[in-house]
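For reference, the structure is listed below as structure tokens.
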Amino acid sequence: MSPTVESAADSFVLLRLGERRFAVAARIIAELVAPSRIFRFPHRTKGVEGVILRRGRIVPVCDVAERLIGKSLRSRRFYLIAQRRYASQTEWVALPVTGECELIFAEMIPASEADMPHVAGWLSHNGDVIEVLNLAALTPGPVAVTPPIAALAAHEART
Amino acid sequence: MRLPAPAKPQAVRTEQIILFRISGQLLAVSSASVQEVRSVDTLAGAAKEIAQAGIRKVRHIVQRGEHSLYVVNGAMHFGLPPSPAALVFVLRRTRTALLVDGIEKMTTMTRLQALPQSFCNEERGWYRGLTALDQTVVPVVKPEGFLTPDELLHLDSSQLPDATTAAPDEQAAGAPPSVSEGGLLPGAASFAAKGAGFPQPGAFGSVGPELDDLDSASLRQ
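In order, the protein sequences belong to chains A and B.
So in this note's numbering, spot 97 of the first sequence is number 99, and the numbers just go up one at a time.
So in this note's numbering, spot 87 of the second sequence is number 104, and the numbers just go up one at a time.
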């Protein structure tokens, strides 16, 4: 996630997927809405269920549960609509969640190299340790161009 | 004192589209992109089987003067269940004749939203974007997306007299049926009338590629 998330005490939205809770930086959340009709059409992108219409916009629905908890959601209570940053622009994505969401203020511990790419950091809340999600790594999008190996080697040599 | 003239309201840019179904899936195509709508029956006599094309969605070719059109099974292209096709869209400025179930209606779209970036695979080549019509979202197909340049090259080379190689899946599948996988089926002649009343190209105020950009600005935040 972007570096601004790393500030000491920030606001986060806690979301529930099955029995587990995850957090997303509150500044990228647009709204929490009741499930509406999903429009499905042929495509080849895994992880995108279809699209919903919201405020005149067409918003893709990305079910992240399979990746996070190992199974798709059978029931969903809300869609958490968040901004997903791409290389040149930001778009809304809808994440199905199974329960109420909660706004909290907490200090995030940034993720380490050992953490999965979708983990932006960690929160401690009410005795639970909660993953802060990096939507750019969690939801599908164009594959980022990997810098050439030579450029990486040059960077390492400098540092 | 003269009051400034009231600003003229900008005319809404619109594009005429054809809503059609492939294997039950509702899709749209710009009517300006459709050169001809024909019943599969009327095409059946002119279509020639391609036995060894290696591209399963193309089983027939239609010779049109110097040019050949490849008949694309829309259901196979989109990975949808097979369905009997009744109509063929001859797509303008392409070499594609697209098999479709039928036409739902003709209508007008005023807004075409770019395909969200979350869709990041083959579908980016399939669709110009999405449009919302009567609280329904409909993908608008890209006529040139049914056959990629590589596929066209492959099909063209398979048509050369000395082309003898075949893709393994083609050999396993055997000779093509009479365009049966969504193909040219009998009893579809009644659909031909639907094509008769189609407008000539350019009859509509197509806004062309500009419409593609209508919503891209609104998505940038």
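Just so it is clear, CB atoms sit at the ideal spot from N, CA and C, and this is done for glycine as well.
This one's a predicted model, so the numbers in the text were calculated from it and none came from an experiment.
Hey, how far is the Cα of GLU51/A from the Cα of ASN138/B?
One C-alpha to the other measures close to 14 Å.
Below 7 Å between beta carbons is the criterion; list the residues of the segment 129 to 147 of chain B that meet it against any residue of chain A, in chain order.
Taking 7 Å as the Cβ-Cβ cut-off against chain A, the residues of the segment 129 to 147 of chain B that qualify are GLN130, PRO133, GLN134, SER135, PHE136, CYS137, ASN138, GLU139, GLU140 and LEU147.
On a CA-only basis, which of ILE31/A, GLY20/A, PHE24/A and ARG23/A is nearest THR92/A? Give me that one, please.
The residue with the shortest Cα to Cα distance from THR92/A is ILE31/A.
By Cβ distance below 7 Å, which residues in the same chain neighbour VAL35/A in space, the five residues on each side in sequence not counted?
Excluding positions up to five away in sequence, the list reads ARG56, PHE80, TYR81 and ILE83.
Could you have a look at SER195/B and say whether DSSP puts it in helix, strand or coil?
Note that SER195/B has pLDDT 42, beneath the 50 cutoff, so the model's placement of it is unreliable and no number is given.
If we define contact as Cβ-Cβ less than 9 Å, is THR127/B a contact residue for chain A?
So, not an interface residue.
Excluding the 5 residues preceding and the 5 following THR141/A in the sequence, name in chain order all residues of the same chain whose CB lies nearer than 6 Å to its CB.
Excluding positions up to five away in sequence, the list reads CYS64, ARG86 and VAL95.
Between the C-alpha atoms of ARG109/B and ILE54/A, what's the straight-line distance to the nearest angstrom?
About 31 Å.
Taking the alpha carbon of SER38/A as the reference point, which residue from PRO62/A, HIS45/A, LEU19/A and LEU17/A has its own alpha carbon closest?
Closest option to SER38/A, Cα to Cα, is PRO62/A.
Does the pairing of the segment 133 to 150 of chain B with the segment 65 to 84 of chain B give three or more beta-carbon distances under 8 Å?
Flag = no, the segment 133 to 150 of chain B and the segment 65 to 84 of chain B do not touch.
Report the residues of the segment 144 to 171 of chain B with a CB closer than 7 Å to any CB of chain A, ordered along the chain.
Answer in chain order: LEU147, ALA149, GLN152, THR153, VAL154 and PRO156.
Does the distance from the C-beta atom of MET123/B to that of LEU36/B stay below 9 Å?
Yes, the Cβ-Cβ distance between MET123/B and LEU36/B is below 9 Å.
Does chain A have any CB closer than 9 Å to the CB of PHE37/B?
Not one chain A Cβ lies under 9 Å of PHE37/B.
Could one say the Cβ of PRO144/A lies closer than 9 Å to chain B's Cβ atoms, at least one of them?
PRO144/A counts as touching chain B.
According to the neighbour-count rule (16 or more other Cβ atoms, all chains shown, within 10 Å of its Cβ), is LEU105/A buried or exposed?
When all chains shown are included, LEU105/A counts as exposed.
Would you say the segment 114 to 129 of chain B touches the segment 15 to 32 of chain A, given that touching needs at least three Cβ pairs under 8 Å?
Segments in contact, no.
Distance cutoff 9 Å, beta carbons only. Does GLY62/B sit that close to anything in chain A?
Not one chain A Cβ lies under 9 Å of GLY62/B.
Taking the straight line between their C-alpha atoms, what separation do you get for PHE14/A and SER126/A?
Cα to Cα, the separation comes out at about 12 Å.
Among VAL157/B, HIS94/B, LEU86/B and VAL29/B, which has the Cα closest to the Cα of ILE67/B?
ILE67/B has its Cα closest to that of LEU86/B, out of VAL157/B, HIS94/B, LEU86/B and VAL29/B.
Would ILE31/A count as contacting chain B if we go by Cβ distances under 9 Å?
Output row for ILE31/A: interface = no.
Is DSSP giving PRO160/B helix, strand or coil here?
Helix, per DSSP.
Alpha carbon to alpha carbon, how far is ALA89/A from LEU164/B? Give it in angstroms, no decimals.
Straight-line Cα distance between these residues: approximately 28 Å.
Evaluate GLY96/B with the Cβ neighbour count: other Cβ atoms within 10 Å of its Cβ, from every protein chain shown; 16 or more gives buried, anything less gives exposed.
Answer is exposed; the Cβ neighbour count stays below 16.
On the DSSP letters alone, give me the boundaries of the beta strand (DSSP E) that LEU170/B sits inside.
Here LEU170/B belongs to no beta strand (DSSP E); instead the alpha helix (DSSP H) covers 166 to 175.
Between the segment 44 to 62 of chain A and chain B, which residues of the former have a C-beta closer than 7 Å to a C-beta of the latter?
If the cut-off is 7 Å between Cβ atoms, the segment 44 to 62 of chain A has PRO44, HIS45, ARG46, THR47, VAL50, VAL53, LEU55, ILE60 and PRO62 near chain B.
Taking C-beta to C-beta, are VAL157/B and ARG145/B nearer than 9 Å?
Cβ atoms of VAL157/B and ARG145/B: closer than 9 Å.
May I have the straight-line CA-CA distance separating LEU147/B from SER48/B, to the nearest angstrom?
Whole-angstrom Cα-Cα distance: 16 Å.
According to DSSP, is SER100/B helix, strand or coil?
If DSSP states are grouped into helix, strand and coil, SER100/B belongs with coil.
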